[in-house]
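There are 2 protein chains.
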Amino acid sequence: MTTADRDAPVLTADELRELDAHWRAANYLAVGQIYLMSNALLREPLRPEHVKPRLLGHWGTSPGLNLVYTHLNRVIKQRELEALCVWGPGHGGPAVLAGAWLEGSYSEIYPDVSRDEAGMTRLFKQFSFPGGVPSHVAPEVPGSIHEGGELGYSLAHAYGAAFDHPNLLVACVVGDGEAETGPLAASWHSGRFLDPVHDGAVLPVLHLNGYKIANPTVLARMPHDELDSLLRGYGHYPLYVEGDDPARVHQDLARALDEAVDLITDHQRAARTGEATAPVRWPMIVLRTPKGWTGPGEVDGLPVENTWRAHQVPLPEVRENPEHLAQLERWLRSYRPQELFGEDGRPGDDVLACVPDGTRRLGSTTYANGGLRLRALPLAPLEDFAVPVDKPGATAHSPTGLLGDLLARLMADTARERNFRLVGPDETASNKLQAVYESSGKAWQERVLPVDENLDAHGRVMEVLSEHLCQGWLEGYLLTGRHGLFSCYEAFVHIVDSMVNQHIKWLKTAGELPWRAPVASLNYLLTSHVWRQDHNGFSHQDPGFVDHVLNKSPHIVQVFLPPDANTLLAVADTALRSRDHVNVIVAGKNPGPDWLSLDQARAHCARGAGVWDWAGTESGDGPDVVLACAGDVPTQEILAAAGLLRRYLPELAVRVVNVVDMTTLLPSGEHANGMSDAEYEGLFTADKPVIFGYHGYPWLIHRLTYKRTGHDNLHVRGYKESGTTTTPFDMVVRNDLDRFRLVMDVIDRVPGLAVRAAATRQRMADARTRHHRWIREHGTDMPEIVEWQWPG
Amino acid sequence: MTTADRDAPVLTADELRELDAHWRAANYLAVGQIYLMSNALLREPLRPEHVKPRLLGHWGTSPGLNLVYTHLNRVIKQRELEALCVWGPGHGGPAVLAGAWLEGSYSEIYPDVSRDEAGMTRLFKQFSFPGGVPSHVAPEVPGSIHEGGELGYSLAHAYGAAFDHPNLLVACVVGDGEAETGPLAASWHSGRFLDPVHDGAVLPVLHLNGYKIANPTVLARMPHDELDSLLRGYGHYPLYVEGDDPARVHQDLARALDEAVDLITDHQRAARTGEATAPVRWPMIVLRTPKGWTGPGEVDGLPVENTWRAHQVPLPEVRENPEHLAQLERWLRSYRPQELFGEDGRPGDDVLACVPDGTRRLGSTTYANGGLRLRALPLAPLEDFAVPVDKPGATAHSPTGLLGDLLARLMADTARERNFRLVGPDETASNKLQAVYESSGKAWQERVLPVDENLDAHGRVMEVLSEHLCQGWLEGYLLTGRHGLFSCYEAFVHIVDSMVNQHIKWLKTAGELPWRAPVASLNYLLTSHVWRQDHNGFSHQDPGFVDHVLNKSPHIVQVFLPPDANTLLAVADTALRSRDHVNVIVAGKNPGPDWLSLDQARAHCARGAGVWDWAGTESGDGPDVVLACAGDVPTQEILAAAGLLRRYLPELAVRVVNVVDMTTLLPSGEHANGMSDAEYEGLFTADKPVIFGYHGYPWLIHRLTYKRTGHDNLHVRGYKESGTTTTPFDMVVRNDLDRFRLVMDVIDRVPGLAVRAAATRQRMADARTRHHRWIREHGTDMPEIVEWQWPG
């Protein structure tokens, strides 16, 4: 394209008039939502009582978002695209709501907010109004898959939506504030993992409006050549649209969008016909327009348009200050609403000329209501992967190794549908899931060397050293109707604490909207866990993610701690079939004893917690003590303790309880999986001492059970932040979760036992001393520990 | 510099020999640490029993780190620099330990690991050995301020160390794996906030060794021109050093380091003499050398050197496999240890030729033991900022507004010392701390427009829309001996959950090392909190950070919830004077009632929790019920409930307890601030109902108090994940924390009151209904709520 071409108008006068009408209408509606609760069409002069008593919302970003909505409409309609838009500056809710209302999507879902004057009035009043709609692009907004609250994840969500959707164009508006965040900065490289053959395209629109809440932005202020260099360094081909003259910007943006879509189409055609093999450098648009464009230029003598002062509500005192009121009225009338809306309040033909039809509308695309597109996974029978267990603890397997086999099959069985992805930060093999590579390589578009293994331009295993990208990609993938699993080192999943917060909030709210179809759950496999960080030590030890997610809306969250390989298969199957949940599975990767056959594992998972009769010594009179456990390492130590008790105190009636689903501990009224009090007491008794070996921070068990009868009898051992690079058994000794300490706990807590069992207690203390001595000398665990087997 | 210059050797033959000797010695020591527990100098042929039984550690990154250590030594010594190095790939602990041992720093701190054969043997054996040292660059490593565990924060730490240290050069090795993370990607822009006048310099060394655990890295595989474009886009001037011929790489790296230091010196001189005003584009080095360089080329027929297989332990079966053992011996002898170490095991003259003296050594710099450099803050008397409170609740102030005045004074009083910074993600003004701008502007090196306010190339308020950068900068600043405060929206501080995990782990371990001097605490001001997110709603509501930090080593963490303005001043003063803690302060920014005079606030904070006699109605017989509260909004609701009880049930003996320091609720054995059981029962009674209004998730209170007598009588109200864009009072109603519900709770729980107070209970229920009706109609809170004042 020559320079002359670049300046030639691409829009006819009619098109320009129509696009500008749509944009002005959207701007009018955005301002109306922030300010008005009546007199929506300005049929009478504006009076204070037309204005909301509390003015809340974000104007600054809205005109830019409106402009993008307008122009996406045009290009979608003209080219019959399937498109979705992720609105990074989603706090500009008024803009996206305006676009959805104008195109009719909004009224189809919310008929009381009809596309007429009455509906417009409701649209205005409900915005940021108690009982109304939130100020952000939230689940309530048609067409959205991205909450505009916490910034940084828009581009990762956009890529997640595009993976395995070859016909989809995902536009993504990235705010220049958001662009300063780490997750967003990392997301620019996502194109290096995007397959032009099987994936759709992402078109980033970097919106440089220059200011955040109170500051200029880095990307808007750095020199142009540096910005250009940065974006090319990210692997993009930037197209620039800059200005504050609407007519000119309309022409330039239309031209840039045409060019971008042409380039995308060319790239995809070349890749899909096999013409091209080099990595694609995808186009993007840099849109530089004023913050709060078309809003008040000055308020109270201070500049507002094109400054940070336009961020929220530019005229804050409209009800009290007549000058502000007059200025608001001038502002609203500057859009000439009478040209835009009919007598009945319906948008006029000019306004609607650019709007596409049906599900091509951004507010009606099924991609943004992914549950509508969801197909169940073809999960093979677990019998194909399970290990035989005739006698508890006689064999050992790597739980995640078995899961790897299941994932390999699943990858193979979804090869045509392409609706499952495995994501992880460079840890798939470290987490012992490498069997999956038999069916799918790792997504990779850059250069491949002979020494490389399992890289594949069409792979559906995603590995990048960024938990943020893994999480963001997967969220976008799930919300657009597919399935996935995130495998992560347990400690470092805290990196995405805040992202999972927001996803759980999304699922909670979406679940309350009848029009949103259920989506596949977000499944975490946390492994390389706190007890087995042999190479890495203290920095890699943190079991607190379970605590974190259990603070959130409990009905969304499920937490599984499978004690062995077959049980991991059973919970993974449950998780992969579930909908609208966040499932956290914590499992070991090192070979550990097999306790349960597949059938036993299934039954155990169905109950969530149960007595392991074979491990206890109680007769019909009930137990003297309950040994409870959750997690693979605590289960092994509890069973070892049960074995020691069996040997040294055979007259003691011991019950062993294993908890695989942590939420069963919650009262039945607080979680669907929660046990009734009767069930709880049936397992743990109401009055006997319970020694509980737990995988994570011990107080979590107290927090889950504080309402239960007998909770004063709970004595919990778990991780108490004592760690370093050491042996597996030394880790449990350091945290008082070892078998010897657990036996001492039993002796100390069963009434009357202290005197009778003094010799056994001393024997246990001696064993701990023996451990300390041995390990300092040999650097390994004692043979009696390494070779231990369940004695039953 | 011409091309010819670029190829000309900068090192003499002697220098080259000496540098290579140092590098080979460091490599030898790194391999020795991973493998050997005896025969350190290979005086006899290597036998299996010389090798550790468990082989743990990371070889792959070590030769590159060693190379950087060697060459930094040279440039530091030659130019008499004050320097510090942040080792991003800190899992290469063997390398940094090797460098510190060679230069003597290590033995000075740990005399038993002497710089001779016995010490070398200990150095080898202790590495990743139970009871020894961790495998990473951890607090135990002299010269370190950065744990090499969780990746992504090295560059932010480096900038934090450089701020306000004008004479310091901070080198920072960035691994190409780490470079894929979000926080690291954002950190490259930190130079745009670095003041060449008052700050030191950061010299990033991007080490492209090509592979992560199991994958190629993005930055190593993207085309060179794209990488160059990216780094220039980040505002850097990249110098490239590439190769696998040691002699050539030595020359090139020496040349690049000379050029980089020259450029830095020129930039600083120009800025400091006022010659230059344009933003500086700082040099950086791109070092491309093989992963596992000089290690085994092939093992068992598979390539290892220069592949991901070199990541951890290249020869895994040395004790069992004679071929591996022989290969290890050849590898170790390839460094020619007999040339490097004397008969006594001490490094020879060639090895030590490049090593600087005293505190110029990287392992001995006082900058990395920042407590040695720490000076107490000049904190003004709180009387200068406090508000008079003659009668509780008669006046109202913004707590953070008052704190802003304190911070403004502190900024002014540290203008010369420059040892205090305020960081925040674009929220300083939003959080009502804007008074601070009277004394310091916001750090900013890019272009300034006439419309901008408070930007200052020399400012010490740091605002960037990245919580990761705020946290990383501040951690680096604190660990090198200065003070700071991080002001953040409460919900979004979860973005740095994993970073604060690591910082708490660092402080815990550092606190156990007698040679590490105490550093200033990491202080959080969390505001714009869950109850006051009027503009933003659900996505901005999360009070769970308190739960998160309280899972960590409790003696490091303090959590304060000041109920009013004067109390915030008192806790801020405590926090800013404290050492080696993480202090979390949650406070309101909106004007709220003043409850305590400064003296009362100080006394209250000193106790951490106390009875507010003026608010209760008990006589000498003790209370019928305790109303407890923590947090500004719950305190107001509890007091309003107390007022309602006073009016409608005046005969009820009510006690009001306010908790300002959450850790007082913990048992005294678990936290230094914890109450004894007697103190706890003195406040809360052992047997009376306690209605507790808490700022965050209610179960936290149960988790802190489950060991207390009477904890079954606790009934806690708090945030239960019910939120949207609505009014302040509607938020508390939605979460059952409102005054009316609290009175109903009292009536439901005080024995015998239900019948007697049925009419009052109905009145409360009616008030809630009235609220729902009013708010739906008016969109505001009822006048009786807005105008409420403490009736006492």
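First to last, the sequence lines map onto chains A and B.
The numbering used here puts the first residue of the first sequence at 4, with every later residue one more than the last.
The numbering used here puts the first residue of the second sequence at 4, with every later residue one more than the last.
Using N, Cα and C, we set each Cβ at its ideal position, and we do this for glycine too.
Please read these numbers as outputs of a predicted model, since none were measured by experiment.
Span separating the alpha-carbon of residue i from that of residue j
i: A:Leu87; j: A:Leu172; result: 6 Å
i: A:Pro293; j: A:Pro97; result: 17 Å
i: B:Trp793; j: B:Glu780; result: 27 Å
i: A:Tyr651; j: A:Thr763; result: 7 Å
i: B:Leu331; j: A:Met414; result: 40 Å
i: A:Phe166; j: A:Trp285; result: 15 Å
i: A:Leu382; j: A:Asp576; result: 8 Å
i: B:Met225; j: A:Arg450; result: 7 Å
i: B:Phe132; j: B:Gly95; result: 15 Å
i: A:Met4; j: A:Tyr243; result: Because A:Met4 sits at a pLDDT of 43, beneath the cut-off of 50, its placement in the model cannot be relied upon, and the point is left open.
i: B:Pro670; j: A:Gly547; result: 21 Å
i: A:Asp118; j: A:Arg20; result: Contrary to the premise, residue 118 of chain A reads as Arg rather than Asp in this sequence. Going from the Cα of A:Arg118 to the Cα of A:Arg20 covers about 22 Å.
i: A:Asp313; j: B:Val660; result: Note that residue 313 of chain A is Ala in the sequence shown here, rather than Asp. A:Ala313 and B:Val660: Cα-Cα distance of roughly 44 Å.
i: B:Lys508; j: B:Ser501; result: 11 Å
i: A:Val636; j: A:Val589; result: 11 Å
Nearest-angstrom Cβ-Cβ length linking residue i and residue j, presumed shorter than 8 Å
i: B:Gly35; j: B:Phe127; result: 5 Å
i: A:Ser524; j: A:Asn434; result: Contact doesn't hold; Cβ gap of about 19 Å is too wide.
i: A:Asp455; j: B:Pro219; result: 6 Å
i: B:Thr512; j: B:Pro142; result: 4 Å
i: B:His400; j: B:Pro594; result: 6 Å
i: A:Ile559; j: A:Val533; result: Contact doesn't hold; Cβ gap of about 24 Å is too wide.
i: B:Ile3; j: B:Leu482; result: This structure cannot settle anything about residue 3 of chain B, because the visible part of chain B is limited to 4 through 795.
Short Cβ contact (7 Å threshold) for residue i with residue j
i: A:Arg258; j: A:Val54; result: no
i: B:Val116; j: B:Ser108; result: no
i: A:Tyr240; j: A:Val205; result: no
i: A:Trp702; j: B:Arg706; result: yes
i: A:Val549; j: A:Gly304; result: no
Helix, strand or coil at residue i according to DSSP, with G and I counted as helix
i: A:Ala681; result: helix
i: B:His192; result: helix
i: A:Lys445; result: strand
i: B:Val78; result: helix
i: A:Ser490; result: strand
i: A:Leu425; result: strand
i: A:Ala7; result: Annotation note: pLDDT 46 at A:Ala7 (below 50); position unreliable, coordinate value reported separately. Note: A:Ala7 maps to helix in three-state DSSP.
i: A:Trp285; result: strand
i: B:Asn324; result: coil
i: B:Arg807; result: A query on residue 807 of chain B cannot be resolved here, the shown segment of chain B reaching from 4 to 795 and no further.
i: B:Glu420; result: coil
Residue i: CB within 6 Å of a non-hydrogen atom of the ligand GTP
i: B:Tyr480; result: Within the structure as shown, the ligand GTP is missing, as the structure has no ligands at all.
Chain E contact residues for residue i, given Cβ-Cβ distances below 7 Å
i: A:Lys508; result: Looking for chain E here will not work: the only protein chains present are A and B.
Going along the stretch 206-223 of chain A in order, which residues come within less than 8 Å of chain B, judged by CB to CB distance? Legend: CB atoms of the stretch 206-223 of chain A lying less than 8 Å from CB atoms of chain B belong to residues Lys215, Ile216, Ala217, Asn218, Pro219, Thr220 and Val221.
Determine which residues of the stretch 424-435 of chain B have a Cβ less than 9 Å from any Cβ of chain A, and write them out in chain order. Contact residues of the stretch 424-435 of chain B toward chain A are Pro428, Asp429, Glu430, Thr431, Ala432 and Ser433 (C-beta to C-beta distance below 9 Å).
Please identify, using Cβ separations under 7 Å, the residues of the stretch 139-152 of chain A that lie next to chain B, in order along the chain. Per Cβ criterion, the list reads His139, Glu150 and Gly152.
Could you run through the stretch 699-718 of chain A and flag, in chain order, every residue whose CB is less than 7 Å away from some CB of chain B? Only those residues of the stretch 699-718 of chain A whose C-beta falls short of 7 Å from the nearest C-beta of chain B are listed: Tyr700, Trp702, His705, Arg706 and Tyr709.
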